[in-house]
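To start, the structure under review is shown below, and the notes come after it.
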Amino acid sequence: MAFRDLREWIDLLDEKGELKRVKAEVDWDEEIGAITREISSQYGPALLFEKIKDHRDTFCRRLFTNGTGTRERLCRLIGVPEQTSYREMVPILKDRFSRPVKPVKVGGGPVKENIVKGDAVDLHQFPVPKWNPLDGGRYIMTSASVVTMDPDTGRHNAGTYRGMISTKKTISVLLATTQGWGEHFTKYKKRGQEMPVAVVLGQEPTLFIAASTPVSHPEYEMAGSLSGSPVELVKCETSDLLVPANAEIVIEGRISPDPKSFETEGPFSEYPGYYGGKRSPKHTIRVECITYRNDPIFTGCLTGSSPGRTNEATTWTPAAFSAIAWHYLEQAGVANVTGVWRGKWPEVMRVQIRKTHRGHAQQVANALWGAHIANYAAKHLIVVDDDIDIYDWEAIEWALAYRVNAGMGDISFFPGTSGSMLDPSIPIGERDSVKYGHGKWTRVLIDATINWELEQQEHYGGGRYPPLGTSISPKMAETLKSRWKEYGF
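Start counting the sequence shown at 317; every next residue gets the next number (our numbering).
In structure tokens:
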């Protein structure tokens, strides 16, 4: 089922009893974040805060969050049965990510109902929370789709990046040159130009998913594929950027390459579950224009998960990342990949293969580590045979215990690679995104497939491993089946 905009999605959640309208007054300073953390960790309802301190008379008064906070809601959003498991969902998403749906340009839309420029621009009109106790400020970009354009090709990128209100007309951001908008920024910087930016808030939810996943096609095309309907786009007021016509809010601005324009940003509770990014001068969006719908709904999202604590994105990022990783492996020509899965944290990824040649696991690692997804994923890569269930940690642990021999080269290290600047296991100096563009990882491949250099064991029928000693013979299985009730069970 395709949803035209965020409001249709909210209406459906309300109809299904999966929306909680919070009518009590709440404080933007930590209280909204604390409520959201408790509800999302319980996989509870979507939340629409309708009375927020200091925002009764601002042009934006409401905040929506946790809209994709359960697997069932994700299923409904992409139009599959609600009982669809993640095991079934990954190949569905992989197929969608291989079939882009081009967006369409339209002449206007609800997001143009109100236009504010110049001195009238005031970011404090939005009920932006200070989500977490130690955040550096009020983070306005947590579930936004940040739109930029390649100055050479005109290709658009929409990514989910963090940004904190600095002044009423500026947003300080964490910009990595390895990400989509960072690649565009590098080109503008080389030209000595500022980069136009559009921050889209309150978009139809499949764009949030596409913008938060390192997809291989433009995000607007992937959002169209996920929803089954093309995204309708309108031109910005101050640049040639195209943005969703049905969005709640669009913030238009520019980022200068001049360090003198940088403003302080950070820290922020990040996806590893720790605060990330020290308080320091960062690239800054200078806001020139805001367009918005009548009575707009601000949207935001908690990040960060730790054991027992989660956020709404953990319901779909594992499936989306797994699907796009599998898609990249196929594009790279890696044969006989039979499954890919990452759990809550992208640093650990598991790949299942039907092993056809020595070095097959190493080929998987080379392909994944060379793909765009590796900016934040697959620091630790585990590759297993197709008899190991990658969704079953007991099966993975068994393979690690008895199919990995470090002395035979089953564990490989790849040092000095680009990696997440938000990984707290990296020395602080190596996480400087302004200086280095990203972080620094030593990646690890654990080849937990059966090593083909082991000698074949003739007394066990020629296999490299003994037969499985916990199985029951077919004859005895039939005996048990026929006599089970007779045993008294």
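For glycine and all other residues, C-beta sits at the position ideal for the given N, C-alpha and C.
Using CA coordinates, which residue listed in the options is at the minimum distance from residue i?
i: E769; options: A687, E553, N721, H371; result: N721
i: K272; options: A362, R403, V338; result: The structure shown does not extend to residue 272, since the chain spans only 317 to 805, so no value can be given for it.
i: H676; options: K433, E663, N652; result: N652
i: C605; options: I487, G453, M737, D466; result: I487
i: G544; options: R666, L393, N473; result: L393
i: V489; options: F637, E537, S577; result: S577
i: K751; options: E535, P597, L390; result: P597
i: L310; options: R337, G778, I766; result: Coverage of the chain is limited to positions 317 through 805, which leaves residue 310 absent and any answer about it impossible.
i: E646; options: Q679, P662, G616; result: Q679
i: G725; options: L761, I613, A711; result: L761
i: E510; options: G582, G453, I601; result: I601
i: R674; options: D763, S749, P662, L684; result: D763
i: V282; options: G779, L549, L618, P783; result: Residue 282 is absent from the model: the chain starts at 317 and stops at 805.
i: F375; options: Q441, T522, P573, G592; result: Q441
i: P573; options: R507, T522, K797, T607; result: R507
i: T483; options: T464, D438, P512, M457; result: D438
i: F524; options: V463, S555, G470, H599; result: V463
i: P634; options: I613, P612, N610, Y587; result: Y587
i: G540; options: E347, T522, D556, D468; result: T522
i: E404; options: K369, M457, T654; result: T654
i: K505; options: T476, N682, Y477, D466; result: D466
i: M457; options: G470, D468, Y477, T469; result: Y477
i: R780; options: E771, V516, E346; result: E771
i: V396; options: L542, Q358, K503, D435; result: L542
Does the distance from the C-beta atom of residue i to that of residue j stay below 9 Å?
i: I567; j: A514; result: yes
i: N627; j: G425; result: no
i: I689; j: P530; result: yes
i: F413; j: A639; result: yes
i: S459; j: T381; result: yes
i: I727; j: W714; result: no
i: G349; j: P445; result: yes
i: E581; j: G479; result: yes
i: Y644; j: S532; result: yes
i: V417; j: P575; result: no
i: D409; j: H472; result: Looking at the sequence provided, one finds Leu at residue 409 rather than Asp. Not in contact: L409 and H472 (Cβ atoms no closer than 9 Å).
i: L738; j: G592; result: yes
i: P662; j: Y536; result: no
i: R353; j: G452; result: no
i: G496; j: A474; result: yes
i: W800; j: L618; result: no
i: Y590; j: N430; result: no
i: E520; j: F319; result: yes
i: H500; j: P443; result: no
i: R337; j: D330; result: yes
i: T493; j: H754; result: yes
i: Y402; j: R387; result: yes
i: R284; j: D702; result: In this structure the chain extends from 317 to 805, so residue 284 is not present and cannot be described.
i: L684; j: A636; result: no
i: P560; j: V432; result: no
i: K339; j: K369; result: no
Can you tell me which residues form a DSSP beta bridge with residue i?
i: H696; result: V664, V760
i: P597; result: T580
i: E568; result: A514, C605
i: I368; result: V342
i: D701; result: I669
i: P560; result: L549
i: G675; result: Paired residues: none, contrary to the question.
i: I727; result: I762
i: R658; result: M665
i: S585; result: Y591
i: G779; result: Q773
i: R337; result: L364
Rounded to whole angstroms, how far is the Cβ of residue i from the Cβ of residue j, which I believe are closer than 8 Å?
i: A629; j: S528; result: 7 Å
i: V656; j: V406; result: 7 Å
i: V664; j: R658; result: 6 Å
i: P583; j: L450; result: 6 Å
i: I744; j: K756; result: Actually they do not touch by this definition, with Cβ atoms about 11 Å apart.
i: E564; j: L322; result: 6 Å
i: T631; j: L328; result: Not quite, the Cβ-Cβ distance comes to about 17 Å (not below 8 Å), so this is no contact.
i: L379; j: I326; result: Actually they are not in contact, since the Cβ atoms of L379 and I326 sit about 12 Å apart, beyond 8 Å.
i: V650; j: K485; result: That pair is no contact at about 48 Å.
i: T615; j: G518; result: 5 Å
i: G620; j: S585; result: 4 Å
i: T758; j: P740; result: The Cβ separation is near 15 Å, so there is no contact.
i: R570; j: P612; result: Rounded, the Cβ-Cβ distance is 22 Å, inconsistent with contact.
Any heavy atom of the ligand GDP closer than 8 Å to the beta-carbon of residue i?
i: G518; result: For the structure depicted, the ligand GDP is absent and the ligand set is empty, with no information on it obtainable.
Any chance you could list the beta strand (DSSP E) runs of at least 3 consecutive residues sitting entirely within the segment 444 to 502, in chain order?
-> 455 to 457, 461 to 465, 472 to 475, 479 to 483, 486 to 489
Segments of 3+ residues assigned as beta strand (DSSP E) that fall wholly inside the segment 389 to 455 | 430 to 433
Residue ranges of each alpha helix (DSSP H) within the segment 599 to 654, 4 or longer | 633 to 647
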